[in-house]
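Remarks on the structure that follows.
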Amino acid sequence: MRSKILIPVLVTCLAMAACNKDVSNSTANLPALNPADQDLNAGSWKTILLSRPDSFAVAAPAATNSTGYAADILELKGYQRNMTGAQAAAVKYWSAGAVLRWNEIMRELVAKYNLPPYQLPDGTYPIPSAANPFAYPLFPFANPPYAARAYGYVGAAQYDALVACWYYKKLYNRPAPYKVDSTIKTFVPKTTLPSYPSEAAVLAGVTAEMMKLLFPGEIGAIQQRLQEAELAAIMSGAATRSDITAGEALGRQVAQMFITRARGDNAGKAVGTPTDWNNLVTNTEAKNQVPWLSLETPSRPPMLPLFGRVKCFLFDSATMVSLRPGPPPSTGSDEMRSDVSEVYAKVKNPTRDQMKIVQFWADGVGTYTPPGHWNAIAAEDFIKKNWSEVRWARNFALLNCAEMDAGVVCWDIKYFYFNPRPSQINGDIKTLTGVPNFPSYVSGHSMFSGAAAAILGHIVPERASAYMAMAQEAANSRFIGGIHYKVDCEVGLTVGQNVGNYAVQRATHDGAE
Amino acid sequence: MYMQQKYFIRLTTLMGMLLLQMSILRAQTDEDAIMMTKKNFCLGGTYMHSSWDHYWEGTFKRNNQNIGTMSTQMIGLMGTYGVSKKFNVIFNVPYVWTHVTRGTLHDQHGVQDLTVWLKWLALEQNVGGGVLSLYAMGGGSIPLTNYIADYLPLAIGLQSKTLSGRLMVDYQLGKFFATLSGSYTWRDNIKIDRPSYYTTELHNTNEVDMPDMTLFNFRTGYRSERWILEAVATKMTTIGGFDIRKNDMPFPSNKMNATMVGAHFKYNFSKPEGLSLTGGGSYTVAGRNVGQSTNFDIGIFYILDFSPKKKKK
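Top line first, the protein sequences correspond to chains L and A.
Position 371 (the first sequence) corresponds to 387 in this note's numbering; numbering is contiguous.
Position 259 (the second sequence) corresponds to 365 in this note's numbering; numbering is contiguous.
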């Protein structure tokens, strides 16, 4: 009697305890990147900021029959002999592609830092400070515009650095260690790509330097990742110490150009001042429009109201203003009333499918934001392409710059019109995800998605219609989630595509196609 | 013996514990040392109300004016069937409503999880003038609908399938008793609607590893054929999980801990026989990543006798 009951219970419990609950990341076990084409002429591709691929000199490497090189080979073999399990795992991890991995790391940092500061006792909000990144509130608050710009800069800098890297690779044509010494083990596919300077180290150097600017609280962790990536390149048999040293130095130098640009691109002033915030209200009222109000309690100042003045990568400021659409329906108009009712009707009794779409695209607090989501979508398709690292970087640069510029244009539009959210007009509108703390018109998600779909559809043409369908769903998710009026999403999607088309234009003229 | 008195079979009482959302909804969990007689079926309905306006974000206790007061209401249909006087099967199906008084987040409502417990009276023995009994229990729960879990604090549940094991010791001396139970709950991974999420690192998957939980429950008081009056203390601990970061949203795999104290009663009517009323309240005195909830419950139960024996007068 006893055993009859107890045994099944115990067995089930044990079975459950024994079952593997491990959750693995979708890119945890990728094979090594094995490019079909090494793009050996990529040194001639059009750079974004560098005026020439050899703007920064890289000294000629020592000959492969020199004693210096022999010492490099000895070091490499020593590492290979003493490789630990963790180091072997690192070799495998980085072999999937360093551009991919650094973009993943970026997404993680954005998600980690995407938290709005908690209020002070007096009901005001502290502003994160780059000068003191370790104190609360941690710097940065990686909200969507901040994140879009961060992805943009890292993407652009990686691309320029790799173009320079490829230039020198072709110029010096130093063979990979495994070509020089056949007793070297290889943990990555053997290729004809010259190893000097090391692309892994160029990427590590340029990215680490950019991240120091963008996520200064992560300096220690980023330096560790750099060392891990470089050691992995040596242990894999693909690079020697001298390949690494030259690569890292080149990467860091290229980064400095982008850092100089970043310091002067107006992003540092995007928070604005209380006077700026008040002016937004009075200017909107002067136009007889209901101004946007924060729906948070205590009331939070608008998110980066001057971000629309940031210098874009794909076009100048005149073009940026020309991308600005006409106004949304007047806040006093019947059209506006009907738009508000439409949102209310849609979100009053949501279906589970509706919630699912809203959640899938929400990309709110604590996530890698919409530009990060599109970065992840792109990565999934790029993985199947077996591109060279330089082509990976080029395609991510196009995407990430399009996302950054979409963010800038969007923020310009949002604060130009300073339009209230549906829930501000009708407090009965309850949303299926948090309402972002910035004006409604136009939808940021729609702009990011339109821009991403446009450039990704060019890069991976067979997926163009799929990307556009996803972008439409992402845009619509903001309407059916009660966050936006339909017009915000429709116009946002169109303007986003217009921004994305500038990236497409660039792609057709950069020498890579 | 108390347990053998045929007409005083009772349903396991409700544990008035609703930590919900940032809270764990614990429906009827039978943490009492009472068995149904063979072929008797006790069916009942309960109503619970739980609310909080402060919560623990990790260890930091705060309020949130964008939530105001969070409330959860539940109506549960529950029943216990006596397979034998030593072996009972218990089930519970709740319908849950959630609501916040401030901010813009949308309410949720719906049928939550089916919970089933198998309860076995393993040992019953006179000790020192009283009766000592030992129970072994196994239980499980399964979501009955595809409600959204990744929408805390308003989600009506966490979508995880669970299996639980519980040991319970009861000692009754005269009309006074004490019951101590300990449970371990295995929780299956869940799938959420988004393709990535951040815990203490970024996960590029929609699958979430749900940490297991333990639960200790102590109850003591007066227990007669007519009345049960008891004080109840509960400690729920998540084995693993992570803290909500400052000003972040809660997440299903958070480390949700809570210590609650409360009181509970059950009254068995003499007429009509088999009818009983239960009720109680509890308060969360300590917690982590849960709301500091105040909970009330009330329930009504009726025993249906399916035994072939002659009808009782």
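Where is the CB? At the ideal position from N, CA and C, for every residue including glycine.
Asked                                                                                                                                                                      : Found
Per DSSP, A:Gln179 forms a beta bridge with which residues?                                                                                                                : A:His155 and A:Trp203
Would L:Asn416 pass as an interface residue toward chain A - the criterion being a Cβ-Cβ separation below 9 Å?                                                             : no
Cβ of L:Tyr501 less than 9 Å from any chain A Cβ?                                                                                                                          : no
Give the DSSP bridge partners of L:Val63, in chain order.                                                                                                                  : In the sequence as displayed, the identity of residue 63 of chain L is Thr instead of Val. DSSP, once it has assigned bridges, lists no residue as partnering L:Thr63.
With a threshold of 16 other CB atoms inside 10 Å of the CB of L:Phe464, please say whether the residue is buried or exposed.                                              : buried
Going along chain A in order, which residues have a C-beta closer than 8 Å to the C-beta of L:Arg368?                                                                      : Asn252, Tyr253 and Ile254
Taking only runs of the alpha helix (DSSP H) that begin and end inside the stretch 365–414 of chain L, which ones reach a length of at least 4 residues, in chain order?   : 368–378 and 385–398
Given a cut-off of 9 Å on the beta-carbon distance, is the pair L:Asp421 and L:Tyr518 in contact?                                                                          : yes
Closer than 8 Å, Cβ to Cβ, to anything on chain A: give me those residues from the stretch 36–54 of chain L, in chain order.                                               : Lys37, Asp38, Val39, Ser40, Asn41, Ser42 and Thr43
Let me confirm a value: L:Ala180 is counted as buried when at least 16 other C-beta atoms fall within 10 Å, else exposed. Which label applies?                             : buried
Compute the minimum distance between the beta carbon of A:Val314 and the heavy atoms of the ligand MG, and state whether it is under 8 Å.                                  : Of the ligands one can find in the structure shown there are none, so the ligand MG has no counterpart to examine.
Looking at the strands, I want to know which residues DSSP matches up with A:Tyr303.                                                                                       : A:His309
Could you check whether the Cβ of A:Lys352 sits closer than 9 Å to any Cβ belonging to chain L?                                                                            : yes
Just mark L:His500 as buried or exposed, buried being the case when its beta carbon has 16 or more other beta carbons within 10 Å.                                         : buried
Could you give the C-beta distance for L:Phe412 and L:Val115, rounded to a whole number, given that I count them as a contact under 8 Å?                                   : 6 Å
Under the three-state reduction of DSSP, which class applies to L:Tyr141: helix, strand or coil?                                                                           : coil
Can you tell me the Cα-Cα spacing of A:Gly150 and A:Met184, whole angstroms?                                                                                               : 5 Å
Taking A:Ile140 as the reference, give the member of A:Ala255, A:Thr178 and A:Ala242 with the closest Cα.                                                                  : A:Ala242
So, at 6 Å on beta carbons, what are the nonlocal neighbours of A:Arg272 in its own chain, with the 5 sequence-adjacent residues on each side left out?                    : Met243, Ser287 and Ser289
Express the C-alpha separation of L:Ala127 and A:Met128 in angstroms, rounding to a whole number.                                                                          : The pLDDT assigned to A:Met128 is 39, lower than 50, so where the model puts this residue is not dependable; a value taken from the coordinates is nonetheless given after this. So the two alpha carbons sit approximately 21 Å from each other.
Residues of chain A with CB under 8 Å from L:Ala378, in chain order?                                                                                                       : Arg300
Taking the continuous alpha helix (DSSP H) assigned at A:Glu230, which residues delimit it?                                                                                : No alpha helix (DSSP H) contains A:Glu230, which is instead part of the beta strand (DSSP E) from Asp219 to Val233.
Can you give me the Cβ contacts of A:Thr326 inside the same chain, cut-off strictly under 8 Å, excluding the 5 residues immediately before and after it?                   : Phe282, Phe283, Ala284, Thr285, Glu336 and Ala337
Counting only beta-carbon atoms, is A:Arg208 nearer than 9 Å to chain L?                                                                                                   : yes
Quick one: using the 10 Å Cβ neighbour count with 16 as the cut-off for buried, is A:Asn323 buried or exposed?                                                             : buried
Evaluate A:Val391 with the Cβ neighbour count: other Cβ atoms within 10 Å of its Cβ, from every protein chain shown; 16 or more gives buried, anything less gives exposed. : exposed
I need the boundaries of the alpha helix (DSSP H) containing L:Asp504, first residue and last residue.                                                                     : Lys502 to His525
I'd like to know whether the C-beta of A:Asn198 is nearer than 9 Å to at least one C-beta of chain L.                                                                      : no
Under DSSP, the beta strand (DSSP E) around A:Thr343 begins and ends at which residues?                                                                                    : Trp333 to Ile345
Please report the distance separating the alpha-carbon of L:Ala164 from that of L:Met122.                                                                                  : 11 Å
Just mark A:Thr410 as buried or exposed, buried being the case when its beta carbon has 16 or more other beta carbons within 10 Å.                                         : Position check: residue 410 of chain A holds Leu in this sequence, whereas Thr was assumed. Exposed: under 16 other Cβ atoms inside 10 Å.
In whole angstroms, what separates the C-alpha of A:Ala133 from that of L:Leu136?                                                                                          : Caution applies to A:Ala133, whose pLDDT of 34 falls short of 50 and renders its modelled position unreliable; the value that the coordinates give is listed next. Distance between the alpha carbons of A:Ala133 and L:Leu136 is about 39 Å.
Determine which residues of the stretch 436–447 of chain L have a Cβ less than 9 Å from any Cβ of chain A, and write them out in chain order.                              : Arg437, Ser439, Gly443, Ile445, Lys446 and Thr447
Against L:Pro137, what residues of chain A qualify as contacts under a CB-to-CB distance less than 9 Å, listed in chain order?                                             : Per Cβ cutoff of 9 Å: no residues; L:Pro137 is ~12 Å from chain A at best.
Shortest alpha-carbon distance to A:Phe357 belongs to which of A:Ala255, A:Gly188 and A:Thr207?                                                                            : A:Ala255
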